[in-house]
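Protein chains in written order, with my numbering: chain A, 82 to 332; chain G, 11 to 482. First up is the structure itself, then whatever we jot down about it.
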Amino acid sequence: MRVGLFVTCVNDALYPRTGIAVVKLLERLGVEVGFPAGQTCCGQPQFNTGYRRETEPLVRRYDREFAPYDYVVTPSGSCAAMVRDNYPRIGRKAAAEHRGHELADAAARSVPKTYELTEFLVDVLGVVDVGAYFPHSVTYHPSCHGLRMLGLGDRPRRLLDAVRGLELRELEGAEECCGFGGTFAVKNADVSAAMGEDKVRNAVSTGADVLCGADNSCLMHIGGILRRQDAPLRALHLAEILASTEEEPHA
Amino acid sequence: MSGTYLGMPSFPKAAREAVHNETLRGNLRHATHTIRDKRAKAVAELADWAQLREAGKQIKDRTLRHLDEYLVQLEESVTAAGGTVHWAADGDEANRIVAGLVKATGEREVVKVKSMATQEIGLNEALEAEGIAAYETDLAELIVQLGEDRPSHILVPAIHRNRGEIREIFARTMSEWGRPAPEGLTDSPAELAEAARLHLREKFLRAKVGISGANFMVAETGTLVVVESEGNGRMCLTLPETLISVVGIEKIVPTWQDLEVFLQTLPRSSTAERMNPYTSTWTGTTDADGPQDFHLVLLDNGRTATLADEVGRQALRCIRCSACLNVCPVYERAGGHAYGSVYPGPIGAILSPQLRGTESEIDASLPYASSLCGACYDVCPVAIDIPEVLVHLRERVAGQGGRGHRLEKAAMKAAGWVLNHPAALAAGERAASRTRGLHPKRLPGAAAWTDSRDLPELPPEPFRDWWKKNRT
């Protein structure tokens, strides 16, 4: 099984620790991980802002860079959803504009092998207990794209439930959007911040030490509000919790 | 009343005010969460919800594909039943037709049962200009009209008002329009409803002309259908001598059989009721019973243009249940007025820019009035993929350029180049990491972000450098 890590541009530049955690976690589970250096971005920011044509080179690049791999694993539900839902759309629209089927073919190759991290662990590797140890109280925010576009269901929760030492606390309004939404966070900053502040209020009221999610872009928004408010909990990617062990605990 | 939406500012500007209005936020939060939870329970009761949703989608899609044929069939059925059909290409034409029909009766006032189409075209204002008073009879519409306000929700137009505000509006304004509110009116729901009932009863019994909308039109029989919860609709539909129905052309279903699906999905999605309290149907005219003169004004007003767009046309499936509004986190904070249309919330964000075009400031901003969280698509009983249409319309807006989008386009192009040259991307990431001590916490260019959130701290090195050192 050849697994390529699609770390995503946000994680590469801002949250390398999440990428490192995925590598260590997968290697601990016996998976050989590769990282094609030619990868960049899934194209979601451009596509969702209305610049579909600008994402086309990125669809080709994704297909090309991950061609040698059986699976692509990414610690970002929204980037996985971009590949799965929107790459085929980009391909269909290009074909409808009489520009050939090259993009549709690239999408057809990329979609079936692309997995969000928790999907890959539960569905492909068939593990729920990944041998993690994380002695903290944690509340979980399921990001919208993972929740609704990918249908991750209870996979992340089952993984968290199996972590030794971890106490999971219910988050009120968990399934409501945190208000990030890519460029929405800037184009509609007031509404975005109001949504994020409500999310943070609910998270703080759980009394947990950690707000955990599986999408660092949402966590960047929520974490930014947490820090601005000096809130008594921090945002952390699920992969970093799952990578944490007694021998090598999360720092 | 001040019911028009002309010259509305962009969504972000309009929303800013609402976000900071604590009363409004509280009213909306309470109302949407209550309906949202009830709807989820009502839907969960049906084992075949997914199939009903799919059936609704299929019926609407098939009807839209053959809309021309069904419209002709409808016209024939309505005419055969004793009604008269009028075709209106836009709002002005529809308003002229309706005003002409009312004037022909010699009447100076009409009662109305809630019709979004007449709100969409500003019929009340057009009638007022012709010296005709139009009285809204839906309770929430009455509140909006008396308060010289605009509706802010599809189903609950006065959702932004609380009981105290409604009491104040009734006590202050009812006397200007007809029967005054009772002395010592309190804000108890029963007293408020009774005040409205007495006020409206007088109008129902006096009016010779009724104006309605319709939830559905059945092509095979020429039957129109209104679903409502108060009974006011039935009064408007049966008491006047002349009935004028103004309906969007997309409201057709081919057969009575098709109603079976929608009369299950609409009430559960909108009011969380298993069955609608009042479902009224009428077909043309009947001798010596009900209106003796029936006119159907079929309204296009941007609908055929919407139909021509293969992705955007799914918005025409909408049965106006408002489930998408009630789950939308953006609607909940911004309120309905920020959308600048009688169709607020997620459906408004895709419907208005298609019906009106994307040229105005408000219409160009609507496709961006969403975080694309997808909750609206999940609850939609006719499976309109609202996020898909939003992004599709963003492409249209970005493509037409205009204010704000020229800079954005240049930035997207530059980012596109960098993202297609990984070495340049890596160099940029490295440079940013090395100079991270120099970065200020609040960037002037990123004010929209840093007004309420901190920026993340840059890591000592990007992931790709860690990989190079540790795994190759």
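For glycine and all other residues, C-beta sits at the position ideal for the given N, C-alpha and C.
Measure from the alpha carbon of residue i to the alpha carbon of each residue in the options, then state which is nearest.
i: Asn430/G; options: Val219/A, Ser218/A, Ala295/A and Glu135/A; result: Glu135/A
i: Ala229/G; options: Cys390/G, Ala127/G, Glu27/G and Lys70/G; result: Lys70/G
i: Phe272/G; options: Ala315/G, Val307/G, Leu306/G and Met227/G; result: Met227/G
i: Phe87/A; options: Cys122/A, Ala332/A and Ala275/A; result: Cys122/A
i: Gln410/G; options: Ala393/G, Thr368/G and Val428/G; result: Thr368/G
i: Trp97/G; options: Arg313/G, Pro432/G and Gly358/G; result: Arg313/G
i: Leu107/A; options: Leu139/A, Gly124/A, Tyr152/A and Arg145/A; result: Tyr152/A
i: Ala333/G; options: Arg327/G, Asp102/G, Arg39/G and Tyr387/G; result: Tyr387/G
i: Ser290/G; options: Asn336/G, Arg330/G, Leu215/G and Leu234/G; result: Leu234/G
i: Glu79/G; options: Leu317/G, Met126/G, Leu361/G and Pro264/G; result: Pro264/G
i: Glu321/A; options: Lys174/A, Gly212/A and Asn283/A; result: Gly212/A
i: Met126/G; options: Leu56/G, Leu253/G, Ser362/G and Gly412/G; result: Ser362/G
i: Met184/G; options: Ala168/G, Leu202/G and Ile169/G; result: Leu202/G
i: Val84/A; options: Glu256/A, Ala289/A and Val103/A; result: Val103/A
i: Met245/G; options: Glu212/G, Gly426/G and Ala359/G; result: Glu212/G
i: Val112/A; options: Cys293/A, Cys259/A and Leu206/A; result: Leu206/A
i: Ala188/A; options: Phe116/A, His179/A and Arg165/A; result: Arg165/A
i: Glu253/A; options: Asp290/A, Thr220/A and Thr199/A; result: Thr220/A
If you follow the beta strand (DSSP E) that residue i is in, where does it begin and where does it stop?
i: Met422/G; result: First-last for Met422/G: His415 to Leu429, but that is the alpha helix (DSSP H), not the beta strand (DSSP E).
i: Leu253/G; result: Thr252 to Gly258
i: Met227/G; result: Phe226 to Val228
i: Glu471/G; result: That residue, Glu471/G, is in no beta strand (DSSP E); it is neither H nor E in DSSP.
i: His182/A; result: No beta strand (DSSP E) contains His182/A, which DSSP labels as neither H nor E.
i: His96/G; result: Thr94 to Ala98
Across which residues does DSSP place residue i in a beta bridge pair?
i: Gly85/A; result: Gly115/A and Val153/A
i: Lys122/G; result: Glu146/G and Ile221/G
i: Leu249/A; result: Val219/A
i: Ser290/G; result: Val236/G
i: Phe304/G; result: Leu253/G
i: Thr296/G; result: Asp299/G
i: Val392/G; result: In the DSSP output, where bridge partners are listed per residue, Val392/G has none listed.
i: Arg315/A; result: Val291/A
i: Ile262/G; result: Met227/G
i: Thr195/A; result: Val153/A
i: Leu309/G; result: Ala98/G and Gly258/G
i: Tyr214/A; result: Arg245/A
Using a Cβ-Cβ cutoff of less than 8 Å, which residues in the same chain neighbour residue i once the five nearest sequence positions on both sides are dropped?
i: Pro339/G; result: Ser381, Cys383 and Ala385
i: Arg216/G; result: Glu119
i: Gly223/G; result: Val123, Lys124, Ser125, Met126, Ala127, Thr128, Val236, Ser255, Val256 and Val257
i: Glu251/G; result: Thr115, Lys218, Val219, Pro301, Gln302 and Asp303
i: Pro126/A; result: Gly263 and Thr264
i: Ala28/G; result: Leu34, Arg35, Arg343, Ala344, Gly345, His347 and Ala348
i: Thr44/G; result: none
i: Val281/A; result: Ile303, Ile306, Leu307, Gln310 and Ala312
The alpha helix (DSSP H) that contains residue i, what's its start and end?
i: Ala243/A; result: No alpha helix (DSSP H) holds Ala243/A; DSSP gives it neither H nor E.
i: Tyr96/A; result: Where Tyr96/A is concerned, there is no enclosing alpha helix (DSSP H), given that its DSSP letter is neither H nor E.
i: Cys80/G; result: As written in the sequence, residue 80/G is Tyr, which differs from the Cys given in the question. Where Tyr80/G is concerned, the enclosing alpha helix (DSSP H) stretches over Leu77 to Ala90.
i: Leu8/G; result: The first residue shown for chain G is 11 and the last is 482, placing residue 8/G beyond what the model contains.
i: Met276/A; result: Ala270 to Ser286
i: Gly350/G; result: Run containing Gly350/G: none; DSSP gives neither H nor E here.
i: Ala325/G; result: First-last for Ala325/G: undefined, no H or E at that position.
i: Arg343/G; result: Pro339 to Ala344
In its own chain, which residues sit with a C-beta less than 6 Å from the C-beta of residue i, not counting the 5 before and 5 after it?
i: Asp197/G; result: Arg173, Gly174 and Arg177
i: Phe201/A; result: Val154
i: Glu371/G; result: Ser20
i: Ala185/A; result: Gly172 and Ala176
i: His331/A; result: Glu321 and Ser325
i: Ser87/G; result: Thr231 and Gly232
i: Gly92/G; result: Gly294 and Thr295
i: Asn92/A; result: Thr99, Gly100 and Asn297
i: Glu439/G; result: Pro472
Within a Cβ cutoff of 7 Å, which residues of the same chain sit near residue i, ignoring the five residues on either side of it in sequence?
i: Ser443/G; result: Leu468, Pro469, Pro470, Glu471 and Pro472
i: Ala206/G; result: Leu149 and Leu152
i: Phe182/A; result: This sequence places His at residue 182/A; Phe is not what is there. Result list for His182/A: Ala176, in chain order.
i: Pro22/G; result: Ser375
i: Arg133/A; result: Ile171 and Lys174
For the stretch 367 to 389 of chain G, which residues have a beta carbon sitting closer than 9 Å to at least one beta carbon of chain A? Answer set for the stretch 367 to 389 of chain G: Ser375, Pro377, Tyr378, Ala379, Ser380, Ser381, Leu382, Cys383, Gly384, Ala385, Tyr387 and Asp388.
Closer than 7 Å, Cβ to Cβ, to anything on chain A: give me those residues from the stretch 41 to 60 of chain G, in chain order. Listed by position, the residues of the stretch 41 to 60 of chain G near chain A (Cβ gap below 7 Å) amount to none.
Contacting positions in the stretch 397 to 416 of chain G - beta carbon closer than 7 Å to chain A: Residues Val401, Arg404, Glu405, Val407 and Ala408.
What are the residues of the stretch 463 to 480 of chain G that lie near chain A, defined by any Cβ-Cβ distance shorter than 9 Å? Closer than 9 Å at the C-beta level to chain A, one finds these residues of the stretch 463 to 480 of chain G: Arg463, Asp464, Leu465, Pro466, Glu467, Leu468, Pro469, Pro470, Glu471, Pro472, Phe473, Arg474, Asp475, Trp476, Trp477, Lys478 and Asn480.
Closer than 7 Å between beta carbons: that is the criterion. Which residues of the stretch 334 to 353 of chain G meet it against chain A? Flagged, chain order: Pro339, Val340, Arg343 and Ala344.
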